[in-house]
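Chains as they are written, first to last, in the UniProt record's numbering: chain A, 1 to 153; chain B, 1 to 153.
Just so you know, even glycine gets a beta-carbon here, dropped at the ideal spot from N, CA and C.
These notes concern the structure reproduced below.
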DNA sequence: CTTGAAAAAAAGAACCA
DNA sequence: TGGTTCTTTTTTTCAAG
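This is the structure:
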């Protein structure tokens with residue numbers, strides 16, 4: 001698929017903010033008719049520009065008030081060890097995000113839970129079982145200043 | 001609004017993964033008819049359990065390949081200073097997430113950009129203008145191991 | 001929760017600068 | 001190619017039981 005033009009970008013900006021906007025509403029915002037907007041959205045979906053549509057929930061209301069950020073450094077850094085670590089992390093559903101980093105820390109983990117007790121259990125029962133963790137530092141979110149899924153495009 | 005029952009939770013789990021599922025599809029997955037599912041979704045939206053619906057984009061395809069994580073510690077921690085810092089961070093559109101933390105670091109920032117040059121400019125022109133930053137450490141994402149917006153409910 | 005009916009939107013065909 | 005118009009199908013929305 002070719003490059004995106006300004007209209008494509010505008011559509012993406014709108015849908016990043018509100019995926020429930022109808023084709024008609026998007027078309028009106030762009031002073032176009034429904035069909036071209038419809039075709040473009042389909043093209044953006046097929047081309048993978050739009051990965052998926054999701055509902056974002058209110059953490060507190062669904063009883064997940066705790067967010068922890070963990071910084072993990074591995075003891076050994078051979079390829080096999082890293083792959084194994086990644087696999088073990090992927091198996092932990094509570095780990096919402098995990099990034100392999102460049103810097104003095106190897107991995108960042110964002111973990112969402114119902115209580116600090118659960119965090120304690122997670123560290124005690126699961127993370128501690130993962131070999132090869134050299135350093136594990138935990139931080140807790142006191143307040144979300146901004147939290148968005150949008151990219152500035 | 002009262003507590004969520006198991007059906008509500010199932011609906012939320014489905015919509016967290018795919019907000020484009022029609023009421024009919026959700027109803028079929030739960031062996032219900034459309035109407036009760038429709039009413040429940042409306043209730044979950046009105047009650048704020050569902051905050052919003054968004055399209056998630058492919059970072060690379062929309063030309064935002066760089067993700068940096070910044071750890072910031074403030075020099076002074078009076079209330080006014082913290083509020084001011086938060087306000088200044090909120091004004092930076094590239095900062096996708098910012099959390100006030102408990103721990104030896106005050107803030108985590110997740111920043112998405114098109115290039116390392118842009119990161120350099122951001123630090124040089126914008127972050128450096130924010131007074132009261134004591135320590136600023138930057139890390140770059142080499143690889144996303146997991147990245148989700150779902151909560152385990 | 002079921003049924004049923006009206007309004008709206010999505011999907012796509014055919015066509016036009 | 002990039003848009004418009006028109007038609008069919010599907011979905012949404014909401015009353016009433």
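Excluding the 5 residues preceding and the 5 following residue 88 of chain A in the sequence, name in chain order all residues of the same chain whose CB lies nearer than 6 Å to its CB. So the list reads 130, once near-sequence residues are dropped.
Drop a sphere of 10 angstroms on the beta-carbon of residue 112 of chain A, count the other beta-carbons inside from all chains shown, and report buried for 16 or more, exposed for fewer. Counting of Cβ neighbours within 10 angstroms places residue 112 of chain A among the buried residues, the total reaching 16 or more.
Excluding the five sequence neighbours on either side, which residues of its own chain have a C-beta within less than 6 Å of the C-beta of residue 150 of chain A, listed in chain order? Only 16 meet the Cβ criterion.
In its own chain, which residues sit with a C-beta less than 7 Å from the C-beta of residue 64 of chain B, not counting the 5 before and 5 after it? So the qualifying residues of the chain are 112, 113 and 114.
On the CB-based measure, 16 or more other CB atoms within 10 Å of its CB, does residue 40 of chain A come out buried or exposed? Classification for residue 40 of chain A: buried.
According to DSSP, which residues form a beta bridge with residue 138 of chain A? Answer by DSSP bridge pairing, in chain order: A/70.
For the alpha helix (DSSP H) that residue 120 of chain B lies in, which residues bound it at each end? That run of the alpha helix (DSSP H) goes 116-121.
Using 7 Å as the limit for Cβ to Cβ distance, is residue 125 of chain A near chain B? Taking a beta-carbon distance threshold of 7 Å, residue 125 of chain A does not count as an interface residue toward chain B.
Taking the C-alpha atoms as reference points, what is the distance between residue 122 of chain A and residue 137 of chain A? In this structure, the CA atom of residue 122 of chain A is about 14 Å from the CA atom of residue 137 of chain A.
Which residues, in order along the segment 93-106 of chain A, keep a beta-carbon less than 7 Å from a beta-carbon of chain B? Listed by position, the residues of the segment 93-106 of chain A near chain B (Cβ gap below 7 Å) are 93, 94, 95, 96, 97, 98, 99, 100, 101, 102, 103 and 105.
Anticipated Cβ contact below 8 Å, residue 12 of chain B with residue 49 of chain B, distance rounded: Correct: roughly 7 Å between the Cβ atoms.
Would you be able to state if there are at least three C-beta pairs under 8 Å between the segment 140-148 of chain B and the segment 74-81 of chain B? Counting Cβ pairs under 8 Å, fewer than three are found: no touch.
May I have the straight-line CA-CA distance separating residue 28 of chain A from residue 103 of chain A, to the nearest angstrom? Roughly 47 Å separates the two Cα atoms.
Residue 70 of chain A to residue 125 of chain B, Cα distance in whole Å? Approximately 29 Å, taken between the alpha carbons.
Between residue 55 of chain B and residue 19 of chain A, is the Cβ-Cβ spacing less than 7 Å? Yes. Within cutoff.
Using a Cβ-Cβ cut-off of 7 Å, state whether residue 58 of chain B counts as contacting chain A. Residue 58 of chain B has a beta carbon lying within less than 7 Å of a beta carbon in chain A.
With burial defined as no fewer than 16 other Cβ atoms inside 10 Å of the residue's Cβ, what is the status of residue 8 of chain A: buried or exposed? Classification of residue 8 of chain A: buried, given that the 10 Å Cβ count is 16 or more.
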